[in-house]
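Below is one structure; the comments refer to it alone.
Numbering (my numbering), first residue to last: 1 to 1179.
Put into C-alpha cells, the structure is as follows:
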C-alpha cells in the first residue's frame, strides 16, 4: 500500500495513546513501596542513592519534577508520570519494531497488499497491546522506579538497529549505530539491563551486512559476548579501575593533590578518543572512525556518573556509600556492599572454610586523608576479604551456594531438591536430643558446622531447573502470558504466587482442586486468567517466523537470542537463593517484551493459515479479530489490581511513623519499606524533618555513622562518644562477649549503689571494728584518717586494697584468722558486685581503647576489642527526663533510677555498638524510638523499657513487662489515642476503600496498625476507659474491613476485647466472619490430594491453630451455639477426609503413638485441631 508509512505511524501513535491513557489513569498519586521513595528523593534533590546509582534517571526525574511547579506533594506523581510515559514510548517502539520485522518478512517484493498491511499493522497492535497490559510491565509503568525507563531504552535501541537495517546501504546509515551507542551509554545511568540488547543488535548487523555461515554466526556470537563484557567490565568498571591507579600514583607517588591523577587520566583518554576520531576521518577509515565515535558517545552517555562523584563530594543529606573519591566510586559501581555470588565456580552451601586461610585479603580499601605534613594521601584502612572454602566442597556452575549464615536459604535448597539436613550434616551429639529421635515431641538438631557431604551435581542442577529456572523465571513468564493465581508471594506450595490459566483441567493437574478454593482467594484482585491466549499466540509466532526462510528465520534466531539474554541469562547471572524478600518478575520484563514480538507474529501465523482457505483480505481481518481477545482479556483482568490511582498508603504510613515521634526524636528503622518512604516524605515533602531516621542496616558503615553526626534540616546532629577513627571500616566490626567480671568493680558498684550500699556499709563497719585496738592508726595515720570519714568516701575495691595488702598486714600485727574471714566475706560481696550492671559509659570507654590492656588476643596474634559483659546500666536523670518530655508528668513515679538490662548476645555488630554509644551519649536529652517493624533481634533486649506511641516504641525509663502477643513494654494511652484516632492518616482507605487495591505489602502494613489499635484498646480497658476502647475498636474495624484485608489473629484478639467491654454482638460478628473464612480455607485443604498438602504444612498448621483460637473465644464467652455450628462442620469435614476417629479407634495406645509419629506435619496439625473439636463435641 502506498500509505503504509502513514498508517504505520498513525497506528503506532494510537497504541502509544492507549498505553499512555492506561498508565496515566492507573499511576500511584504519590510514592510507592520498595525503592521508589529513594529514587524519587534522589531525583528531586540529585542525591546519591544505593549502588550502583542511576544518575541519568535522576536527571530525567529532576526534569519532570519541574512540572510540579513547586508543589512538593506533586513531585512523586511527576516521576510516576515519567515511568508512565517511558512505558508508553516503549509500547510505541515495540509496535514499530514488530511492524518493521513483519513488513520485511511478509512482503516478498517490498510492496504490501492491503491484506498484508492489515496483517502487519495487526501484528504490531496485538503484540504491543499484549505487552501494554502484561502484569510485570504494567506494575513498573505506574511507579517511580528505574525499570520502566530501562525498558524504554531497550525498546528504542532495538528499534534503532532495525531502522539502521532499513538504511544500511545509504550513505549516513551508521548514524543509527552511533545513536545506539549513545543511548547505551545513557542507559547505564538508568540500569544495566539495556546492555542485554547487544547480542540482538550484533546479529541484526551481521545478518544485514554478511552472508550467513556457521563460522560467521559463531564469530557474531563471540563478538556480541565480547562487547557485552567490554562494556560491563571494561568501560563501566575498567575506566575507573585505571583511573584509580593514576590517582594513587599521582597522589601517593608524586605528591599531587587529590583528583590530579583522575583529571590527568581522563584528559589523556578524551584527547586520545578525539585524536582517534580526527585521524580516522582524515585517513577515511570509515569503520574505525565509526568505532571511535561510538566509543566517544558511550563515554558521553556514561559521563552522567560524574554527577554521583560531584554530589557525593557536596555531601548531600542522602549520600549512600559516600563515593566521593575514585576508590569509593569504584566500590560503589561494583556493588561491593552486596557481596559476590559465584557464577562459574564456587562453593556449596555447606562448604567448610579453609582452616589455613579462611578469609584471605582481596584488595585494599583506601581512604583519603592527610599525612603528618598536611599533604593529601590515600591510606589503606582495611582489606576487602572473601571466604575461602575447601576445594572438596566446590563445583563448577554452583547454584546452591549460600552458607550457614543464611539458614533459610539452606532449608530452601533442601525443599527444592527433596533432601533433608540429615543428607548434608551430622546430628549434634547431645544425649537429650538422641533420646527424642523419632519422637514427635522434639526434633533432631543438626550441626551446620559439621558437614557430612557436599550436594551432588545432580542435586545442584535440580535446584537450578526447579527453582531458579522454573520457579523464578518461567513462573513469572506464565504470569504474563497465561495468568496469575494471586498477589501473595509464593515459596513453592500450590496456594500462593503460582501461574494459572483459567482452564480448569490444566490448573487442577498442577495445583489441585480449583472448585473449592476459598472465596478470599477467588476475590483476590490479582487472580487473573488469560486462558493461554497470549502464550499460544507467542508459540504460533515462533513457529511462523521459524518456518519462514531467509529473513524470517534470521529474525527468529535474533528474537530468540534476545529473549534468552533478557530472561534465562539473567537467571544464570543473578544465581538467586530461595526465600527472596519479594517477587522478582520485574527483572525479567525485557524478556516479556521480546516474547510479545512473537505474540504479534501469532497474528501473521493465523493470516498465513486463513489466506489458504479464504480471500486474503478476509483472512487478514479474521486473524486480527481472532487475536484481539488476548489483549482485551488481559486489560479486563489486570486493570483492578494495577490501578493505584486512589492509593496514598505509602506516603501516609510514612507520615504516621514520623508522627509517632516527639520533636527532634531519633527513630531506628531497618528495612526498605520502613525507611525509603520516610526519607521521601522528609526530603521531598519536607515533613517532620526534625526527626532523624536511622536505618540500622546502614548503621554498620562508617560513612553512614558520619552522616548522622551532621545536622540534617531541622534535625540536630546525633551525638556519639566514639570518634570516627574508632569505627572506621575494618575496626570494631564485631565485638565478642568475653566475660571479664573482675574489671570495673567500682563502676558497677556506683551503678547499683542503692542495692549494694547496705551490705557494703555493714562490711565497712566490721572492718572498722576490727581495726580498733590495732596499730593501723599509728602506722598509717593518713589512711586511718581517710577511712574515718566513712564508707561513702571510698569505693569498695579501693577500701579492700587496704586489707588485701600483705605488707601492711604484717606491720599492723592483725589477727589473721579474723582478717581472713572478713576478707572472704568481702570477696563474696565483690563477686556479687562483679556480676552486676556495667555502666554504659564505662563500656563505651572500654571498647574505645586501642591499648592492648583493653583488648583480648586472638589465635593469630592479633588483639581485638571485646565485651567484658552484656549486662549494662544506663543511669536516669529524672529531671532531664521530665524536662525533655521523655516521660509524661503523670508517670513520674514510675521512673526508674537506671535502665538495667542484659542484651543477651554473644556478640554485637557495629550498628549495635553505635546504638549503645548513642544511648550513653544522649543521656536522655533526645527521644529515641524503634519502629515497630524493626525485628526483635535489633531491639537489644530493651523491650521492657519500650512505650508504644504509634508505629514506634519510645525508649523510656519505665520498666514494664510485655503484656500480650504483639506488644512490648508499656503504653502511653493519651499519646497513642491521639495518634491513632486523630493524627494518623490512612492512605485513602477511610475515604475510597472500594476504589483502592491493596497488594500484599500494603496488607502486611495493616497488621502493624491492627496491632497498635488492639494494644491501645487493651490498655484503655485496663484503665477502665471502656467507651474510648470501643471507639478505638470501632475505628479499626471501620477502616480495615474483612473485605479490604481478611480478618486474622489480631481481629480475633480485638473480638475478645469487645467481649470485655460487654459488646458481644460486635465480637461475634468478627469471630463468625473469621470462622467463615477459616472454614472456607479448611474445605479447600480437605479437597486437595496429599501430594499438594505436603508442601503446605505451615499454612495448614497456622489454620488449625487460628481456627481453634476463634472457637475457643466463642466457647469461653458463652457463644456456644455459634461455636457448635462451626465445630460440627469442621469436625465432620476432617473425619470425612482423613478418617482420624476411625483410625484411632482401631488401635491401642502404642499403635496410636507409632501412627502419630509417622504422620506428616500437616496431618499432625489437623489431628490436634480435630482432637480439640472432638473434646467440645463430647462436652
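By construction, the Cβ of each residue, glycine as well, lies at the ideal position given by its N, Cα and C atoms. Small disclaimer: the values here were computed from a predicted structure and weren't measured.
Check whether residue i and residue j have beta carbons under 9 Å apart
| i | j | result |
| --- | --- | --- |
| residue 1202 | residue 1100 | Because residue 1202 is not part of the residues shown, which for the chain are 1 to 1179, the question remains open. |
| residue 979 | residue 659 | yes |
| residue 427 | residue 446 | yes |
| residue 160 | residue 209 | no |
| residue 1012 | residue 948 | yes |
| residue 869 | residue 840 | no |
| residue 849 | residue 871 | no |
| residue 1018 | residue 1057 | yes |
| residue 371 | residue 325 | no |
| residue 315 | residue 710 | yes |
| residue 454 | residue 351 | yes |
| residue 600 | residue 238 | no |
| residue 880 | residue 923 | yes |
| residue 463 | residue 399 | yes |
| residue 494 | residue 1092 | yes |
| residue 407 | residue 425 | no |
| residue 602 | residue 537 | yes |
| residue 134 | residue 724 | no |
Beta bridge counterpart(s) of residue i as assigned by DSSP
| i | result |
| --- | --- |
| residue 909 | 734 |
| residue 48 | 319 |
| residue 365 | 382 |
| residue 947 | 954, 970 |
| residue 872 | 838, 901 |
| residue 1100 | In DSSP, residue 1100 forms no bridge with anything. |
| residue 499 | 484 |
| residue 864 | 856 |
| residue 346 | 395 |
| residue 930 | 668, 953 |
| residue 940 | Answer by DSSP bridge pairing: none, since residue 940 is not bridged. |
| residue 353 | 389 |
| residue 832 | According to DSSP, which records beta bridges pairwise, residue 832 is partnered with nothing at all. |
Own chain residues within Cβ distance below 6 Å of residue i, not counting five before or after
| i | result |
| --- | --- |
| residue 906 | 737 |
| residue 67 | 78 |
| residue 721 | 844, 917, 921 |
| residue 583 | 489 |
| residue 648 | 30, 987, 988 |
Own chain residues within Cβ distance below 7 Å of residue i, not counting five before or after
| i | result |
| --- | --- |
| residue 1133 | 1082, 1083, 1086 |
| residue 88 | 16, 19, 20, 23 |
| residue 555 | 101, 105, 545 |
| residue 3 | none |
| residue 643 | 26, 997 |
| residue 687 | 655, 658, 681 |
| residue 885 | 662 |
| residue 145 | 35, 36, 39, 83 |
| residue 1068 | 1119, 1122 |
Proximity test, residue i beta-carbon vs the ligand ATP heavy atom, cut-off 8 Å
| i | result |
| --- | --- |
| residue 797 | Ligands are entirely absent from the displayed structure, and the ligand ATP is therefore not among its contents. |
Chain-order list of residues whose beta-carbon lies under 8 Å from that of residue i (same chain, five-residue window excluded)
| i | result |
| --- | --- |
| residue 438 | With a pLDDT of only 46 at residue 438, under the threshold of 50, the placement of this residue in the model should not be trusted; the figure read from the coordinates follows. Counting only Cβ-Cβ distances below 8 Å, and skipping sequence neighbours, we find 1157. |
| residue 475 | 490, 497, 498, 499 |
| residue 195 | 184, 187, 188, 228, 231, 232 |
Interface flag, residue i vs chain B, CB-CB below 9 Å
| i | result |
| --- | --- |
| residue 375 | Looking for chain B here will not work: only one protein chain is present. |
### Task
Run through the segment 517 to 579 for me and flag every whole alpha helix (DSSP H) of 4 or more residues, listed as ranges in chain order.
Taking 4 residues as the shortest admissible run, the segment 517 to 579 contains the following complete alpha helix (DSSP H) segments, listed from N- to C-terminal end: 519 to 523, 533 to 547, 551 to 565, 568 to 574.
### Query
Just checking, does the segment 653 to 667 make contact with the segment 676 to 684 on the three C-beta pairs under 8 Å criterion?
The segment 653 to 667 makes contact with the segment 676 to 684, as at least three CB pairs between them are under 8 Å.
#### Entry: Complete runs of the beta strand (DSSP E) confined to the segment 656 to 720 [at least 3 residues]
Correct list: 666 to 669, 692 to 695.
### Task
Report the residue ranges of all beta strand (DSSP E) runs contained in full by the segment 67 to 146; include only those spanning at least 3 residues, in chain order.
No beta strand (DSSP E) of 3 residues or more sits fully in the segment 67 to 146.
### Task
Would you mind listing the alpha helix (DSSP H) stretches within the segment 440 to 476 that are 4+ residues and don't spill past its ends, in chain order?
Counting only runs that start and end inside the segment 440 to 476, the alpha helix (DSSP H) elements of at least 4 residues fall at 457 to 463.
### Task
Report yes or no: do three or more beta-carbon pairs, one from the segment 336 to 346 and one from the segment 389 to 399, lie closer than 8 Å?
As far as the Cβ criterion goes, the segment 336 to 346 touches the segment 389 to 399, which means the pair count is three or higher.
### Query
Touching or not, the segment 1033 to 1045 and the segment 997 to 1007, by the rule of three or more beta carbon pairs under 8 Å?
Touching, yes, given that three or more Cβ pairs across the two stretches are closer than 8 Å.
### Task
Could you say if the segment 624 to 639 and the segment 570 to 578 meet the contact criterion of at least three C-beta pairs nearer than 8 Å?
Fewer than three pairs of CB atoms, one per stretch, sit closer than 8 Å, so the segment 624 to 639 makes no contact with the segment 570 to 578.
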